[in-house]
């Protein structure tokens, strides 16, 4: 079960974050300073005809793009139930799996409601991984709020396309096409008649090819 949060950074509850920071850090002055940086923020909206809205204060969330935002968010959800945000259960029968995952979704939902976070149901999918060809077309029926969540035969998780038998064939085919086109571009840059210098080629290779090929290299 792949779970996604709606506007995760923007919905961090400041009072809840303060409580969790106080449990982690022994210095209250440090916690107060951190929360001053996080909470003392506001914004205005400027339209195309240069009209501006009145100043509005941001009541929740951590600053997007800041160095501290990922760290603060990880602290905020550090006490998430052990189901985590990628829930997995193994069983030889699909029916027990559906029951366990449905129960786990209820546990996660209870936690998120307590700490004022919300699930992004359109982005959540269930998936099954096995070698039983007879069950290849079976879809799991995991429920959330009495509704069956979408099932995906080849979900994408952290940039990797997963398939039923975990051969990663679809992911590798996509990767090959992407790398082939980028290598072809580098070959043009390194032509015999004219071409870029070694330093430029090295930087281009690291940026265009190496970064893509190295991502999830065990796959």
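Residue numbers (the numbering used here): 140 to 358. Each residue gets a CB set at the ideal place from its N, CA and C atoms; glycine is no exception. Note that the structure is predicted; figures quoted are calculated from it, not measured.
- For residue 196, the beta-bridge partners assigned by DSSP are 181.
- Excluding the 5 residues flanking it on each side, residue 226 has same chain C-beta neighbours closer than 7 Å at 140, 142, 240 and 243, in chain order.
- Taken in chain order, the whole alpha helix (DSSP H) runs of length 4 or more contained in the stretch 303-353 are 308-328, 337-344 and 350-353.
- Using a C-beta cut-off of 8 Å, the stretch 273-281 makes no contact with the stretch 168-183, since fewer than three inter-stretch Cβ pairs fall below that distance.
- In this structure, residue 266 sits near residue 290, with a CB-CB distance shorter than 8 Å.
- The C-beta of residue 263 has 16 or more other C-beta atoms within 10 Å across all chains shown, which makes the residue buried.
- Distance from residue 150 to residue 174 at the Cβ level is roughly 16 Å; contact not present, criterion being Cβ atoms closer than 8 Å.
- Contact annotation: residue 325 and residue 340 have beta-carbon atoms nearer than 8 Å.
- The secondary-structure analysis by DSSP pairs residue 141 across a beta bridge with 225 and 264.
- Of the other Cβ atoms in all chains shown, 16 or more fall within 10 Å of the Cβ of residue 237; this residue is therefore buried.
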